[in-house]
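K.L.:
Numbering (my numbering), first residue to last: 248 to 414. Cβ atoms here follow ideal geometry from the backbone N, Cα and C, with glycine treated the same way. Pasting a structure here, questions to come.
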Amino acid sequence: MTGYAKAMRVTLAGLAALLIAAPPALAQPKKQATAQAAKPAAAEKTPHHLILQVNTNEPATMNLALNNATNVAQYYKDLGEKVEIEIVTFGPGLHMLREDTSPVKARIKAISASTPSISFKACGNTQENMSKMENKEIGLIPEATLVKSGVVRVMELQEKGWTYVRP
């Protein structure tokens with residue numbers, strides 16, 4: 248075999264290798280375009296949902312729930328995604344939302360003003376029982392919304408797919 252024929256054979260082998268390798272290389276930009284097209288769809292995802300339960304009259308637990316709520320809200324805000332967070336109180340945890348006994352009412356007021364994705368639910372059964380026990384009307388902070396039963400509220404939200412966390 249002459250030097251010219253050998254050179255041609257090597258060149259043709261190289262060309263064949265390029266042609267065989269070309270389809271995956273050409274497919275790659277298409278994959279990137281598909282991934283880029285999926286990004287706007289990710290931003291349009293359904294909102295994330297979180298329930299935080301407070302059923303103890305401990306300021307540390309109340310503050311932990313508030314920390315969890317604000318951290319989660321900020322996390323999804325930074326991602327450009329929506330989140331809904333409900334802090335549900337019942338039993339001794341109702342003190343978190345009581346006008347006369349809440350150790351965190353100033354913090355709740357500030358959070359409500361700055362982060363509308365966080366809401367506060369108070370158990371009506373607990374409020375009624377506390378009113379009877381204390382022989383007085385139990386008032387709630389303005390940021391609280393009364394629900395018939397805190398436990399039922401947690402159950403119903405979980406049945407709708409909400410994520411449950413107990414700080």
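The beta strand (DSSP E) that contains Glu-384, what's its start and end?
P.N.:
Premise fails: Glu-384 is in no beta strand (DSSP E) and is neither H nor E.
K.L.:
Quick one: which unbroken alpha helix (DSSP H) runs of 4-plus residues sit fully inside the stretch 314-371? Chain order, please.
P.N.:
352-361
K.L.:
Any contact between the stretch 392-407 and the stretch 353-361? By contact I mean 3 or more CB pairs, one from each, below 8 Å.
P.N.:
no
K.L.:
For Leu-297, write down the residues that DSSP places opposite it in a beta bridge.
P.N.:
Ile-332 and Thr-410
K.L.:
Considering only residues of the same chain and omitting the five flanking positions on each side of Thr-303, which have a CB-CB separation below 6 Å?
P.N.:
Pro-339 and Gly-340
K.L.:
Under 6 Å Cβ to Cβ from Gln-405, same chain only, skipping five residues before and after it: list those, please.
P.N.:
Tyr-411
K.L.:
Comparing C-alpha positions only, which one of Glu-333, Ile-388, Met-343 and Pro-389 sits nearest to Met-402?
P.N.:
Glu-333
K.L.:
With 16 as the cutoff for other CB atoms within 10 Å, does Arg-292 come out buried or exposed?
P.N.:
Note on identity: in this sequence residue 292 is Lys, with Arg being the wrong assignment. Lys-292 should be labelled exposed.
K.L.:
Secondary structure at Thr-392, three-state DSSP: helix, strand or coil?
P.N.:
strand
K.L.:
Can you give me the C-alpha to C-alpha distance between Gln-300 and Lys-407, rounded to a whole angstrom?
P.N.:
Gln-300 and Lys-407 have their C-alpha atoms spaced approximately 16 Å apart.
K.L.:
Does the separation of the CB atoms of Ser-364 and Ile-388 fall below 8 Å?
P.N.:
no
K.L.:
From Leu-210 to Ala-369, what does the alpha carbon distance come to, in whole angstroms?
P.N.:
With the chain covering only 248 through 414, there is no way to say anything about residue 210.
K.L.:
Using a 10 Å radius around the Cβ and a threshold of 16 neighbouring Cβ atoms, would you call Met-380 buried or exposed?
P.N.:
exposed
K.L.:
Determine the DSSP secondary structure at Asn-302, reduced to helix, strand or coil.
P.N.:
coil
K.L.:
When DSSP labels each residue in this structure, what does Lys-292 get in the three-state scheme?
P.N.:
coil
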